[in-house]
Amino acid sequence: MMRYSYFPGCSMGSTAVTYKASFEYIAKRIGLIMEEIPDWNCCGSTAAHTKNEKMALALPARNIALSEEHNPGLPIVTPCAACYSRLAYSTYAARKSEETRKEIEDIIEMNFKAEPEILNFLDMFSDEGVLEACRERLVRSLKGLKVACYYGCLMSRPRHITGEEDPENPMKMDKIIEMTGAEAVEWDYKTECCGASHQVDAPKAARPLIEKIFRNARANGADAIVTACPLCNMNLDMREEEINKQMSHKYNIPVFQFTELIAIAMGADASECGIHQHFFPAFDLINKVIIQNAKEKAEAEKREAKKNPLADGPVVIGRTGR
Amino acid sequence: MDKILNRAEGKLLADKIAKEADVKLHECYQCGKCTAGCPMANSFDLMPRQIVHYMHLGDMDEVLRSKTIWLCASCHTCVERCPHDIDIPTLIEKSRMEAQKRGICAVRDVRLFNDIFTETIRYTGKSQEVILEGAYNVTSGHLMQDMANVPQMLKKGIVRPEFNSVQDKESIKKIMNKAEEGGAAL
Amino acid sequence: MARIGVFICHCGTNIASVVDVEKVAESAKTMPGVVFATTYKYMCSEPGQAMIKESIEQYNLDRIVIGSCSPRMHELTFRKMLKGTKINPYMLEIANLREQCAWVHTDREKATEKAIGLVQMSVAKVANNKPLTTSTIPITKRALVIGGGIAGMQAALDIADCGFDVTIVEKEPSIGGHMVMLDKTFPTMDCSACISTPKMVECNAHPNITLKTSCEVEKVSGYVGNFEVTIKEKAKYVNHDLCTGCGLCQTKCPTKVTSEFDQGLSKRSAIYIPFAQAVPSKPVIDPSACLKLTKDKCGICEKVCPIGAIDYKDEVRYTTEEYGAIVIATGYELVDWASMYPEYGGGKYKDVITGLQFERLVNASGPTEGHIVRPSDGKEPKDVVIVKCVGSRDPKKGKSYCSRACCMYSAKHAHQILDKIPNSRVYIFYMDVRTPGKGYEEFYDNTRRDGAQYIRGRVSKIYKEGSKLIVRGEDSLIGKPVTVEADMVILATAMEPSPTVADVANKLGIVIDADRWVTEAHPKLRPVETQTNGIYLCGTCQGPKDIPDTVAQGSAAAAKVAALLCHDEMETSPMISYVDPNKCSGCGFCEGVCPYKAITMVEYAGRDGNRRVTKIVAQVNEGLCQGCGCCNAICRTGCIDLKGFTNDQILKEVDALCL
Chain A
0 MMRYSYFPGC SMGSTAVTYK ASFEYIAKRI GLIMEEIPDW NCCGSTAAHT KNEKMALALP
60 ARNIALSEEH NPGLPIVTPC AACYSRLAYS TYAARKSEET RKEIEDIIEM NFKAEPEILN
120 FLDMFSDEGV LEACRERLVR SLKGLKVACY YGCLMSRPRH ITGEEDPENP MKMDKIIEMT
180 GAEAVEWDYK TECCGASHQV DAPKAARPLI EKIFRNARAN GADAIVTACP LCNMNLDMRE
240 EEINKQMSHK YNIPVFQFTE LIAIAMGADA SECGIHQHFF PAFDLINKVI IQNAKEKAEA
300 EKREAKKNPL ADGPVVIGRT GR
Chain B
0 MDKILNRAEG KLLADKIAKE ADVKLHECYQ CGKCTAGCPM ANSFDLMPRQ IVHYMHLGDM
60 DEVLRSKTIW LCASCHTCVE RCPHDIDIPT LIEKSRMEAQ KRGICAVRDV RLFNDIFTET
120 IRYTGKSQEV ILEGAYNVTS GHLMQDMANV PQMLKKGIVR PEFNSVQDKE SIKKIMNKAE
180 EGGAAL
Chain C
0 MARIGVFICH CGTNIASVVD VEKVAESAKT MPGVVFATTY KYMCSEPGQA MIKESIEQYN
60 LDRIVIGSCS PRMHELTFRK MLKGTKINPY MLEIANLREQ CAWVHTDREK ATEKAIGLVQ
120 MSVAKVANNK PLTTSTIPIT KRALVIGGGI AGMQAALDIA DCGFDVTIVE KEPSIGGHMV
180 MLDKTFPTMD CSACISTPKM VECNAHPNIT LKTSCEVEKV SGYVGNFEVT IKEKAKYVNH
240 DLCTGCGLCQ TKCPTKVTSE FDQGLSKRSA IYIPFAQAVP SKPVIDPSAC LKLTKDKCGI
300 CEKVCPIGAI DYKDEVRYTT EEYGAIVIAT GYELVDWASM YPEYGGGKYK DVITGLQFER
360 LVNASGPTEG HIVRPSDGKE PKDVVIVKCV GSRDPKKGKS YCSRACCMYS AKHAHQILDK
420 IPNSRVYIFY MDVRTPGKGY EEFYDNTRRD GAQYIRGRVS KIYKEGSKLI VRGEDSLIGK
480 PVTVEADMVI LATAMEPSPT VADVANKLGI VIDADRWVTE AHPKLRPVET QTNGIYLCGT
540 CQGPKDIPDT VAQGSAAAAK VAALLCHDEM ETSPMISYVD PNKCSGCGFC EGVCPYKAIT
600 MVEYAGRDGN RRVTKIVAQV NEGLCQGCGC CNAICRTGCI DLKGFTNDQI LKEVDALCL
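Protein chains in written order, with numbering that gives the first Met the number 0: chain A, 0 to 321; chain B, 0 to 185; chain C, 0 to 658.
Quick look at the structure:
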C-alpha cells in the first residue's frame, strides 16, 4: 500500500510549481496516496535553528505531532531537503533524550512521540513498490540524456540525521533517474552546497558555489542537472542566466526536478510537468531527446519487422534450399 | 597590541559551547581539512579551523565578532570529513546564538533575513517567499535584488501575490514565544 | 620463627612524595616476625642492594619484604641479588607501593595507611614462603622466522651466522617483502633492490637457512626452547626440485591478471615468477586465475615445460618441525584508502596513486622502466600533488597513529619527480613534517631546495575536471583554502599490519594491540621480545617503521635468539602448579582451562587406606606451565596449588589485612 503522511512544505505551494505539477502527475498515475498533514506549519528552516534551538525543534514537532494524531502509523514524507532535515532533527533529538521530548511536548502542548519515520522524496521513490509502479507506467525513454544528479547537503549530511551511508557519493537519485533511460553521469559535486538562503542574504559569497556546480557538471559531460529539492532547484535554475552573464563561456545546462523527468517518461506533456515554467529553458533539450528516441524506436521496429519473415507475407517453402 | 593569551576571557563560554556540542577542543590538531572542504570559506574572515583554535584559546571575542558564524551554510561537509569528528557547525550555531544574545552581528543581512523569515512564520505559520524577498529587499536596502526574476515568476505562475497561512495561527505564535522564553539553547 | 627484614624504597620522590615511608617502616617493625625494617632512597641501586645484603648478615634474616615499584619491574633484580646471599631467591615478597599506591593516590595520610596494609600482607605471605629451586629443560637449537621481508631476512642471516639452523616461512612465492619493490631508499638514495636482493640471494645460499616460500604457519605447540610447528605448504603446481626457472611457461601462459608486485600497474601471467629478482626464481601457478585449474582448459604450460615440472595435481602439504625460538616478522600492508576516502575519489581516478605504486612507477625494473607517467594516459605529469597522512593520524576514517615513514618517502618522491621531470612542480600537503632520523632533516631541507612546495594543511577533496585532478586543501599558514590543478596525485598511505598477523599471533599465543600491531614485552627495555618466552619480533609487525629501524630490530631479535640458543638447556620458573595425586579426583576440569596445554590426565598408582588403587589424575608439564593459576582456581578438591602463591599464602595475606 503506497500511503504516506504528506508534509508538502511552504515552497510546494509557491516557487516549486514544476515539482508540484510533476509529482502530482506521477502520484495520480501510480496510485500514491498522500495524506496531507492537516494545518501543517513551516518547519522553521535555517532561520529558526540559527536563532533558537527550541524553536527549531518545536516547529517541526508540531507537524509530526499532527501527523501522529491524524495519520497514525504512516511515515512522513516531504519533497524539500530543508523540511526533511528539520523534521528528522526533531525526531532525532526527541528519540535521543526523553527530557528533550518532554520539553518539546510542553512547548507545543501536544502529544509528541517522535515515532514516524521521516522520508524525503528520494527515499519514497527508492521504495521498490513505488519504483516498480513508476516503471510500469513508462511510455518513453530518455535515453541519450546525460544528467548530473545533485543531492545537496541536507539529504546526505549529517550522517546521524540522514542515515546516508556514503555522503560523498549518494546513489539513490542516480538509480531512480536511470529508470527513465537517462544516464546519470559520475561527477563530484553531488553533495556540495548550493548556498541555500545565502543566495539571498549573502549573494556575493554564495554565487560562486552555484557556478562550481555547473562547471563540474559540464566537465563530466552532463546535459542537465537534476535536483530533489525546491530550494536547490531554484538556486540553480533561477541563477544560471545571471552566472552566464558574468562568464566568458556560457553554461547551457537546464535544471530539472527528478520528478519532472519521471513524469516526462510517463508521457506527461509540458504543461503537465512544468517544463515550460523553468527559468532556464529546458524545453529544447527534452524535445531533442524524445524525438531522437522516438526515431530510433521507429527504426528499430522497422528492422524488427524486416527480420520477421511473417511480415513479408507467408513463408515460401523451398526458399531455404531444401 | 599583542593578545595576552593568559588573559583571554572567553574560556568558560567556549568550554560551555564545546560541551554542549559534544566537542573536545583539544582534539583538533589544526589540519585544515574543514577549511579545505568548506564551500563558503572564501568569504570567511575566520577559517573553520581558526574558530576551533580561538575557542580552544578561550578567545570567544574573536569568534563572536566574526563574519564566519553568520556565513556558515551549515552544510556539514567539515564535520563529515574531520579526522576527529569535530562538530564545527554546532560550535558555530551556538556561537551565533551567543552573539545574537549580546547584540553582536558582523553580517547584518543574514540576521535580517533570518529575522524576517521567523517573523513571517510567527504571524502566518508558513514561509511567504514573496513577502520574504520583498521585505528583505526593503529593509536591507538591496532594493533591486532578484527583481529581474519577478515578472517571469508572476507570468509563469511561479509565485502568486496572495499568501498562504496556517489556520491555527495562534498556536504557532504561542510555540515560538514559548520557545524563546527560556533562552535560545536547550 | 621467621626472621623477616622489611625494606621500604623512596623511589626518589615517586613513592616518598605521597607515602610517609618512615612511618611505613616504623609500623613494619611491629608486624609479626619482622626483626628489622628500614628505608632507602633507591633500593634497586648498587648501594641499596649492598645495604640489604649487609642487613641480612647483620640481623640474620631468612626472608625479606621489599616495598617498592611493581614486581614486574624489579622482582628479578632482587632475586638475582639474593643469589649471592644465604637466602633462597624465592624467600622474597614485593609490596607494590608505587604503581598500586603512590602513583594512583594523592591523599598522603590514606596512601600511607594503604602502604602499611600492603606491607602487612607481604609480611604475612613471606612468612609462609618456602625455598624454591629452578629446574632445567633442553633447548632445540633451531629457529623459525615467520616472514621473509627485510626484517625476517636480516634476523635469519644473523642467527644463521651464529651457527644455528634457521627456517624462513614466507607466504608469498618469493622472499623480499616490500623493500624489494622500492626504488631508492632515503636519505642516502641508494638503490633498494641493489641492497636487498643480495640479502635474498644470501638467504638462499646460506648453508644454515632453509627457505619455505608459499608456506604458512599452521599450528604451534610447545614452549620456549621446544616449540613444535606445523607448516602448511600451499600447492605450487610446479615441482621446484625439477624446475630450472627457465621462464618459458610464463611467457606462453595466455591468462593475464593484475600484478601484485607492481601494485596493479601491470599484468602478470597465471603461472608466474613474481618479479625478475625473485628468490626462489621459480614459478608457481595462481590457482584462482589458471584456466587449467579453474576450467580444465588450456594446459599450455605443461606442454611447453621442457622438463615436465608442471603438476596440476599438486596439493597442500604439511610438515612438522621443532624449533627452540620463533621470530615473527610478518610486516605491513598499506591500508585500503579507497574505501576510507570517497572524498579522494575512492579509487575511481587512475592518476591518484599510492606511494608504493609510485615506487613501482619510478623503478627502473617497474612497468614503465622508471619513467614517471600517468597511469591513465601514459603522459608525463608536470604538476604533482603529494598528500600526506592518508589513513594515518585520522581516528575517524583511518588509523589514529602516525605511519612514521611517510614524511621521508614523500620528500624522496618529491625529489625524484623534480629530478626526473624537467619543469615539474610538486606540492606536498602536510600537517607536520616529522624527520627523526639520522640525515633526515637534511634530506627534507634538500627537497625544499629542489623546489618542492610544502603546504600545511590536509586535503579535503580530490576530483576531476577534464584531464586535471583538482586538489582542494587549506594553506593553514595563510589561512585560506587553496586549489592545485594536478596531473597526478600521490597519497602517502598509512601502513597497517599484514592481514595475516592476527591469525599468526593467535597461533603463537602472543598479544596484538587494538590496531593489530604485535605487542612487545616492554616498549623500552625489551623491544624485540614478546610476552611469551622464546618468541621474538622484528620489523613492521610491531609498528610502522622505516628500513634502518627494521633492519636494526631484525639484528636485535637475532641476538636475543642467539642468546637463547647458545645454551644447551635453560632454567624454568619454579612458580608453577603442582598436583597432589592422592587428593586428585581426576575430574579433568583443570585440563580444560589450562591455556598452555600443560596439564594431561595420567594413570597413577596410589593407595586408598591400605588398598592399592590405580586412578586417573592430573599431571603438570613443568616446561609448559606458566604459573597462571587457572587450574588452581578451578580445582574442586583443592589438590592443585601454585608454588609461591599457595592457597595458604593468599589466605594469610587476606587475614593479615582483614583480621
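Yeah, the Cβ is synthetic: ideal placement off N, Cα and C, and Gly gets one too.
Spatial neighbours of residue i in its chain, beta-carbon cut-off 8 angstroms, leaving aside the 5 residues before and after
i      : result
C/T529 : I327, L507, I509, V510, V517, T518, E519, A520, Y535 and L536
C/R525 : E519
B/C30  : R48 and P82
A/L56  : Y88, S89, A92, A93, T99 and I103
Short Cβ contact (7 angstroms threshold) for residue i with residue j
i      : j      : result
C/Y317 : C/T229 : yes
C/Y408 : C/Y429 : no
B/I115 : B/Y135 : yes
C/L739 : C/D376 : The first residue shown for chain C is 0 and the last is 658, placing residue 739 of chain C beyond what the model contains.
A/L31  : A/M11  : no
A/A64  : A/F111 : yes
C/C405 : C/K387 : yes
A/T17  : A/Q198 : no
A/Y334 : A/I212 : Outside the shown range of chain A, which is 0 to 321, sits residue 334 of chain A, and nothing can be said about it.
A/Y3   : A/V76  : yes
Integer-rounded CB distance, given that residue j should sit under 8 angstroms from residue i
i      : j      : result
C/K614 : C/Y603 : 6 angstroms
C/K642 : C/P594 : 18 angstroms between Cβ atoms; not a contact.
C/D61  : C/I86  : 6 angstroms
B/I68  : B/S42  : Not a contact, Cβ separation roughly 12 angstroms.
A/I209 : A/L235 : 6 angstroms
C/G661 : C/Y222 : Residue 661 of chain C cannot be examined here, being either before or after the span of chain C that is shown, 0 to 658.
Environment of residue i [buried if 16+ CB atoms lie within 10 Å]
i      : result
C/I477 : exposed
C/D567 : exposed
A/N40  : buried
C/Q648 : buried
C/R267 : buried
A/P247 : Note on residue identity: the sequence assigns Ser, not Pro, to residue 247 of chain A. With fewer than 16 Cβ atoms within 10 Å of its Cβ, A/S247 is classed as exposed.
A/I290 : exposed
Contacting residues, own chain, Cβ-Cβ under 6 angstroms from residue i (five flanking each side not counted)
i      : result
C/N95  : S69
C/M80  : Q48
A/M109 : A64
Nonlocal neighbours in the same chain, by C-beta distance under 7 angstroms from residue i, ignoring five residues either side
i      : result
C/Y462 : G344 and I469
C/D182 : S191, E358, V361 and N362
C/A15  : H9
B/T59  : One point to set straight first is that residue 59 of chain B is Met, not Thr, in the sequence displayed. Result list for B/M59: G9, L12 and A13, in chain order.
C/V351 : Y343, G344, I461, L468, V488 and L490
B/A20  : D86, T89, L90 and K93
C/E484 : D382, K467 and I469
B/E132 : D145
A/G317 : Per-residue confidence for A/G317 stands at a pLDDT of 40, beneath the threshold of 50, marking its modelled position as unreliable; no derived number is given.
C/V334 : G390, G397, K398, T492, A493 and E495
Any chain D beta carbon closer than 7 angstroms to residue i
i      : result
C/G465 : Absence of chain D from the displayed structure is noted, the protein chains being A, B and C.
Any non-hydrogen atom of the ligand MN within 6 angstroms of residue i CB
i     : result
C/V64 : Absent from the structure shown: the ligand MN. Ligands present: none.
Query raised in the report: When you check each C-beta in the region 151 to 171 of chain A against every C-beta of chain C, which residues fall closer than 7 angstroms?
Result: D165, E167 and N168
Report task. With 7 angstroms as the C-beta to C-beta threshold (strictly closer), list the residues of the region 483 to 494 of chain C near chain B in chain order. Result -> none
Query raised in the report: Listed in chain order, which residues of the region 273 to 287 of chain A have Cβ atoms closer than 7 angstroms to some Cβ of chain B?
Result: Q276 and F278
Query raised in the report: Going along the region 187 to 204 of chain A in order, which residues come within less than 7 angstroms of chain C, judged by CB to CB distance?
Result: D187
Query - the region 398 to 421 of chain C: positions lying closer than 7 angstroms to chain B by Cβ - result: none
Query raised in the report: Along the region 33 to 65 of chain B, what residues have a CB closer than 8 angstroms to any CB found in chain A?
Result: P38, M39, N41 and S42
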